[in-house]
Amino acid sequence: MTFSHDTEHALGTLVRLVNTLPGPNSQVDTMNTLEDLEKFVQEREFSAVGTLTETDLQEVRELRPLFAPVFTTSSDAEAAAMINAIVARGTTTPRLTNHDGHPWHIHYSRDGSSLTCRITVECGIALAQVISAGERERLRRCEAPDCDDALIDLSRNRSKRYCDARTCGNRLHVAAYRERRKASGE
Ligand SMILES: [Zn+2]
Ligand SMILES: [Zn+2]
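Each residue of the sequence shown is one higher than the one before, counting from 198 in the working numbering.
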């Protein structure tokens, strides 16, 4: 494993969140309603969140444009400046925990803090771990021509090129296969 379980989980949460923004192809915002937010919280297994409100939805929506550019930076310094600004928005309270059978690891936000604060801090620190490990290249955008979804490449040889969400890799393989057939006159 490249990063700790919680870091990888937070990065997965962040990719999921950033990719709710409308893209060049699917120009649909999929973090638009409280139901969208509730589904997100459930999918990403946030514990003890409590009742979500329109304020939570608004705040979470506003986090996306802060995080999104981190996936297209061209230097560690640029990424670090963005990540520091993000983490500074939250309240950090590092605490060792071994909840749900996981080995001892650190949570950076308090369980009772708002969903927005938890996302800000946990995802911000996870990104900080990536940069401090010298792994910024793992933060990327999907290479499919009609998709620019954010992705985190956790493969051993950093070979991931396409996002998971829209099966871009499969789609391109099919397209390339058809092109080859056409070129060979089959
Ligand atoms: Zn944990
Ligand atoms: Zn894609």
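Built from N, CA and C at the ideal position, the CB exists for glycine as well. Fair warning: this is a prediction, and the values are worked out from it, not measured in the lab.
Can you tell me which of 276, 299 and 305 puts its alpha carbon nearest to the alpha carbon of residue 290?
In the sequence shown, counting from the first residue as 1, residue 290 sits at position 93. Of 276, 299 and 305, the residue nearest in Cα terms is 305.
Compute every distance between the C-beta of residue 203 and the non-hydrogen atoms of ligand 1, then say whether any falls below 6 Å.
To locate residue 203, count along the sequence shown from 1; it is residue 6. Result yes, Cβ under 6 Å from ligand 1.
From the DSSP output, read off the bridge partner residues of residue 296.
Against the sequence shown, residue 296 aligns to sequence position 99. Answer is none; residue 296 lacks a bridge partner.
Given the structure, does residue 265 come close to ligand 2, in the sense that its CB is under 6 Å from one of the ligand's heavy atoms?
The residue given as residue 265 occupies position 68 in the sequence shown. Not so, every heavy atom of ligand 2 lies at least 6 Å from the Cβ.
Cβ-based burial, residue 298 [other Cβ within 10 Å; buried from 16]
Mapped onto the sequence shown, residue 298 falls at position 101. Exposed is the call here.
Where does residue 389 sit, in a helix, a strand or coil, going by DSSP?
The chain is shown only over 198 to 383; residue 389 falls outside these bounds and no answer can be derived.
In chain order, which continuous runs of the alpha helix (DSSP H) of length 4 or greater are located wholly inside the stretch 225–276?
231–240 and 251–264
What is the DSSP secondary structure of residue 208, reduced to helix, strand or coil?
In the sequence shown, the residue the question calls residue 208 occupies position 11. Helix at residue 208.
Roughly how many angstroms separate the alpha carbons of residue 348 and residue 206, rounded to a whole number?
Looking up residue 348 in the sequence shown gives position 151. Looking up residue 206 in the sequence shown gives position 9. Going by the C-alpha atoms only, they are around 13 Å apart.
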